[in-house]
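> Shown below is the structure under consideration.
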Amino acid sequence: MFSRPFVPLTCVLLLVACGDDGAKDSLNADTNTTLGTHTTLETDDGNSNSNSNGDGDTGDGDGDPSTSSSTGDGDGDGDTGDGDADPDGGIKFDLPGLPDAGVGNCEGMGGGEPEFSYIWVANSGEGTISKVNTETLLEEGRYRTRSDANGSPSRTSVNLSGDVAVANRNGGLTKVIALHENCDEMTNGQPGLQTSTGKNDVLAWGQDDCISWYTPVNPAYTSQRPLAWTSGVLNPNTCQVEDQFLWSTASTSSQPGSLHVMLLDGVDGSIDEEFPIAEIAPGYFGGYGGAVNSENDYWFITYDSPRKLVQVDFENLDYQIWDVPQSVCSYGFTVDSLDRPWIGAFCDGTAMFDPETEQFTVLPGLLGYGLQEDANKTMWLGTFSPPGLRAIDIETLQPGKWIMLPTNSARGVSVDFYGYVWFVDQQTSAWRVDTEAETWEAYAGLNGPYTYSDMTGWGLNLASGGIPQG
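Residues in the sequence shown are numbered from 1 upward in steps of one, following UniProt numbering.
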């Protein structure tokens, strides 16, 4: 579709309109935060799992079996520790700066701290999505994802402009704009900006100006889970990222030939392409997790046996299918900085697929759900027995430290643009972890959170190498 010389950025989310100060409105934001330090294990043995079962959600309409009890408040034990990445509050990672040529006068592009950084977590049971500031741990907005409360939102994907799309497991995709200055104040037909300012300020459907679009899908589809933004192309004249598309997968439970892949226009949510992958038996859940590589090709996995890994070419929509080792219970999914898909698994072991050799490497005993790589080539796996973060070197595939967290459940992992690793449980909390200092803070104002995808946009930034220059 496009030719894409890639532009590496220190932090992609510096991209706001030229000259914009990137100010954030934290009015009425919530302050449910806790601090703590925790024991880590440096052993090489994996975590055990006595329950070789599925998704783990309870009462959200997914129908997946539970893997652990979800009692307790999930907000920590009050131990001291600031969770800061380093004493001066600077960014923990060091990525290449922006080349001088061809980027125009885009403010902030090439260094410095991010203008903004959010983590977007779905509150599945109440049909909303939360926008939490990763620096302040304040919830700055909460948004409905469908006109009813029955969408059961789960996976989120954040693009390189900072905006989010969320898939409703019961069908439909919703886009929310991150920055108020980029919202259309006439979306709801009333002058002035009307938008949520926090968890206690959720506007009625159709009234929030920062909900950009909602795209319904074929009502025959009973499962819509994976979604993934493409990187888009930087326009150096406007300092905006353009030509952003959104991949997704949907299917009808247990109906052969019903699994479809779709590619949506990121601006208006219209479906540009939709086609079946008839070779896949979708089972109950169909596609389960998705992400893109450096070429914006769409990779996704299926949950039900026989489990599959699929790659769809961004340019021509051709696809390839591989059999996932059937001992691997596919769950979380990401693509690393070497363009290799990873599967978080709750039985046998987490798996990595090398597209060059077309071979899977299974890491026995390393069990978990969500996973994402940081800036230091460490993959962080969200473990569930016990809940915490497990490090894996993506080059040697050797396990490293294991940071335990005081919660009773586990779900998603994402890295933010300050270098913190986030762990989302299934109770009330999103945990911000400094993996160097082994300290944590938690935002505990969520309501049945259930997300294990690219919740910050870091995964897309890492896999794509930054924003392609137009």
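No residue lacks a Cβ here, since even glycine has one placed at the ideal position from N, Cα and C.
All figures in this text were calculated on a predicted structure; none of them were measured in a lab.
Tell me, which residues are paired with Tyr118 by DSSP?
BP columns for Tyr118 point to Asn133.
> Can Leu462 be considered in contact with the ligand HEM, in the sense that its beta carbon sits closer than 7 Å to one or more heavy atoms?
The ligand HEM is not among the ligands present in this structure, which contains no ligands whatsoever.
> Specify the secondary structure class of Ser464 as computed by DSSP and reduced to three states.
Residue state, collapsed to three classes: helix.
> Counting only beta-carbon separations shorter than 8 Å, does Glu185 have a partner in chain C?
Annotation note: the requested chain C is absent from the structure, which comprises a single protein chain.
> Alpha carbon to alpha carbon, how far is Met352 from Leu309?
Distance between the alpha carbons of Met352 and Leu309 is about 11 Å.
> For Val312 versus Val261, is the C-beta spacing smaller than 8 Å?
Yes, the pair counts as a contact, with Cβ atoms nearer than the cut-off.
> With the cut-off set at 8 Å, would you say Thr197 and Asn168 are in Cβ contact?
Their beta carbons are not under 8 Å apart, which means Thr197 does not touch Asn168 by this criterion.
> Going by DSSP in three states, Trp431 sits in which element: helix, strand or coil?
Reduced to three states, the DSSP call for Trp431 is strand.
> Grab me the residues of Cys329's own chain with a C-beta within less than 6 Å of its C-beta, minus the 5 sequence neighbours each way, in chain order.
Here the set comprises Ala345, Phe346, Cys347.
> With respect to the beta strand (DSSP E) encompassing Glu126, which residues constitute its N-terminal and C-terminal limits?
Premise fails: Glu126 is in no beta strand (DSSP E) and is neither H nor E.
> Would Leu317 be called buried (16 or more neighbouring beta carbons within 10 Å of its own) or exposed?
So Leu317 ends up on the exposed side.
> Kindly confirm or deny that the segment 397 to 414 and the segment 295 to 306 touch, where touching means at least three C-beta pairs closer than 8 Å.
No contact exists between the segment 397 to 414 and the segment 295 to 306.
> DSSP puts Ser251 in a beta bridge; with which residues?
For Ser251, which the question treats as bridged, DSSP gives the partners Ser223.
> Between the Cα of Pro387 and the Cα atoms of Gly457, Thr407, Ile321, which residue gives the shortest distance?
For Pro387, the nearest C-alpha among the options comes from Thr407.
> Counting Cβ pairs closer than 8 Å, one from the segment 360 to 376 and one from the segment 385 to 399, do we hit at least three?
Flag = yes, the segment 360 to 376 and the segment 385 to 399 touch.
> Give a yes or no on contact between the segment 269 to 287 and the segment 241 to 261, applying the rule of three or more CB pairs nearer than 8 Å.
Result yes; three or more Cβ-Cβ pairs closer than 8 Å.
> Could you spell out where the beta strand (DSSP E) holding Trp402 opens and where it closes?
Run containing Trp402: 399 to 404, per the beta strand (DSSP E) assignment.
> For Trp205, which of Asn150, Ala178, Pro236, Val324 has the nearest alpha-carbon?
Checking every option, the nearest Cα to that of Trp205 belongs to Asn150.
> On the CB-based measure, 16 or more other CB atoms within 10 Å of its CB, does Ser270 come out buried or exposed?
Answer is exposed; the Cβ neighbour count stays below 16.
> So what's Asp57 in DSSP terms, helix, strand or just coil?
For Asp57, the pLDDT reaches just 41, beneath the cut-off of 50, and the residue's location in the model is therefore unreliable, although a value from the coordinates is still provided. Looking at Asp57 - three-state DSSP - the assignment turns out to be coil, as it is neither helix nor strand.
> Report the partner residues of Trp299 according to the DSSP bridge assignment.
DSSP output for Trp299 lists Ala291, Gln311 as bridge partner(s).
> For Tyr420, which residues from the same chain have a beta carbon less than 7 Å from its beta carbon, with the 5 sequence-adjacent residues on both sides left out?
Within the same chain, Tyr420 has close Cβ partners Ala85, Thr134, Arg432, Val433, Asp434.
> Is DSSP giving Trp458 helix, strand or coil here?
The answer is helix: DSSP assigns Trp458 an H, G or I state.
> If you follow the beta strand (DSSP E) that Leu263 is part of, which residue opens it and which one closes it?
Unbroken beta strand (DSSP E) run through Leu263: 260 to 265.
> Could you give the first and the last residue of the continuous beta strand (DSSP E) run that contains Ser330?
Per DSSP, Ser330 belongs to the beta strand (DSSP E) from 330 to 335.
> Quick one: using the 10 Å Cβ neighbour count with 16 as the cut-off for buried, is Pro276 buried or exposed?
Pro276 is exposed by the Cβ-count criterion.
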